[in-house]
Amino acid sequence: MNFDRRQLFKLAAAAGAGAALPVGRTAKAALSRPSPDARAVLVDTTNCVGCRSCEMACAEANKLPEPAADVDLASYRPTGPDQFTVVNQGTLKSPSGEDRFAKAQCMHCVEPACASGCVVRALEKTKNGPVIYHADRCLGCRYCMIACPFSVPKYQFTKAVPVVRKCTFCAERQAEGKPPACAEACPNGALTFGKRSELIEEAKKRVYGTPGKYVPKIYGEDEAGGTSWLYISDVPFESLRMPQGVVAKSYPEMADRALSAVPFVITLWPPLLMGLFAFNKRKENVAKEEGHE
Numbered sequence: 014m015n016f017d018r019r020q021l022f023k024l025a026a027a028a029g030a031g032a033a034l035p036v037g038r039t040a041k042a043a044l045s046r047p048s049p050d051a052r053a054v055l056v057d058t059t060n061c062v063g064c065r066s067c068e069m070a071c072a073e074a075n076k077l078p079e080p081a082a083d084v085d086l087a088s089y090r091p092t093g094p095d096q097f098t099v100v101n102q103g104t105l106k107s108p109s110g111e112d113r114f115a116k117a118q119c120m121h122c123v124e125p126a127c128a129s130g131c132v133v134r135a136l137e138k139t140k141n142g143p144v145i146y147h148a149d150r151c152l153g154c155r156y157c158m159i160a161c162p163f164s165v166p167k168y169q170f171t172k173a174v175p176v177v178r179k180c181t182f183c184a185e186r187q188a189e190g191k192p193p194a195c196a197e198a199c200p201n202g203a204l205t206f207g208k209r210s211e212l213i214e215e216a217k218k219r220v221y222g223t224p225g226k227y228v229p230k231i232y233g234e235d236e237a238g239g240t241s242w243l244y245i246s247d248v249p250f251e252s253l254r255m256p257q258g259v260v261a262k263s264y265p266e267m268a269d270r271a272l273s274a275v276p277f278v279i280t281l282w283p284p285l286l287m288g289l290f291a292f293n294k295r296k297e298n299v300a301k302e303e304g305h306e
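With the working numbering applied, the sequence shown corresponds to residues 14 to 306, in that order.
Written out as C-alpha cells, the structure reads:
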C-alpha cells in the first residue's frame with residue numbers, strides 16, 4: 014500500500030473536514046421542540062366496541078377510499094397508503110368476557126424517528142403534536158419507513174408518482190381549533206383529545222385510581238421517547254397487536270449518541286495516514302540502502 018505525498022494530504026484533508034462536521038446533532042436537527050400544550054389522544058380500549066366510526070371519519074377527512082364493510086376485524090390489518098387508521102380485534106377477551114379492539118394509526122412521536130431520518134425534511138414534527146409530510150420535498154428514499162419503530166409510513170408503490178402516506182393527525186383541523194376527525198366521530202368515548210400532559214394525568218387516574226380494572230401501564234407514555242397517542246387497556250397490549258419491543262427512549266436521541274462517536278473516530282485518520290506514509294517511506298529507504306550494498 015503506497016501513498017505519494019499528494020494522495021496522503023488529500024485523504025488527510027477529507028478526514029479533517031469530516032471531523033469538523035456537527036455529525037452528532039444531525040438526527041435531532043429536523044425536530045421542533047414540542048410545545049407544553051402539544052395535543053394528544055387518549056385511547057381507552059375498554060370503551061371501544063369496534064364500530065369503525067373512526068375509520069369512516071378518517072377516510073372522509075382525508076379524501077380516502079371508503080373502508081370496506083366486509084372485513085374480519087380478528088384478522089390483523091395494518092394501515093396503508095389508502096387507509097390511515099384501522100381497527101383490529103384483540104386476541105384475548107376482557108376479564109368480563111367482552112371482545113377488545115384497538116385503533117392503529119401514526120403514533121406522532123414526541124421526537125419522531127421518521128423526521129430525524131429524513132435527509133430533506135419531508136417529514137416535520139410540529140410544535141402542537143402532528144408529524145406532517147411535505148410531498149414536494151420527498152426524494153422517495155423511504156428511510157422514514159425503515160426508521161419508524163411502529164412501521165407506519167407507507168409508500169405508494171403502484172402509483173406513477175408515488176409519495177409516502179400516513180395519518181396526518183388532522184393537522185389542518187387542529188389548526189382550525191377542531192379535534193381529529195376520528196376522535197370527534199367516536200360514539201363511545203374511547204378517544205379523548207386534549208393536551209398530552211393532561212391526558213397522561215387522566216390516564217394515570219383511570220389506571221391507578223381503579224386498581225385491578227386496567228393493566229398498570231400507559232402505552233405511549235414512554236415508548237420511543239413518548240408518543241401523541243396514549244393507550245390504556247384491561248388486557249395485555251400485545252393481545253391488542255400493539256408493537257412490542259419499542260424501547261422507552263427517543264430514537265433520534267439514541268442516533269445522536271451513536272453518531273457523536275463518528276468525529277472522534279474520523280480524527281484518528283490523519284495521524285494513521287501519516288504513520289502509514291512514514292512507514293512506507295522507511296521501507297523504501299531501507300530497500301534502497303540494501304540495494305546499494
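Glycine included, every Cβ here is placed at the ideal spot set by N, Cα and C.
Rounded to whole angstroms, how far is the Cβ of residue i from the Cβ of residue j, which I believe are closer than 8 Å?
i	j	result
V176	T92	No, V176 and T92 are not in contact; Cβ-Cβ is about 15 Å, not under 8 Å.
S252	T104	5 Å
G63	Q102	6 Å
V54	A196	6 Å
Y264	P162	6 Å
Taking buried to mean at least 16 other C-beta atoms within 10 Å of its own C-beta, is residue i buried or exposed?
i	result
A261	exposed
N201	exposed
G258	exposed
V132	exposed
E124	buried
K167	buried
T171	exposed
E79	exposed
L152	exposed
R113	buried
A115	buried
E111	exposed
A148	exposed
Using alpha carbons as the reference points, say which of the options lies closest to residue i.
i	options	result
T58	T171, A237, L204 and E137	L204
L77	L86, D85, C67 and V84	C67
C185	T139, Y156 and D85	According to the sequence shown, residue 185 is Glu rather than Cys. Of T139, Y156 and D85, the residue nearest in Cα terms is T139.
R178	L55, A72 and A51	A72
A268	A237, Y244 and M255	A237
R65	A117, S109 and A148	A117
D50	L136, S241, A135 and I145	S241
V56	Y244, E137 and R254	Y244
Is the distance from the Cβ of residue i to the Cβ of residue j below 8 Å?
i	j	result
F206	P193	yes
C127	A160	yes
G239	C122	yes
A74	C183	yes
R52	K208	yes
V228	P249	yes
query: Can you give, in chain order, each stretch of the alpha helix (DSSP H) that sits fully within the segment 100–134 and has at least 4 residues?
result: 126–130
query: Of all the alpha helix (DSSP H) runs that stay within the bounds of the segment 126–190, which reach a length of 4 or more residues?
result: 126–130, 156–160 and 184–188
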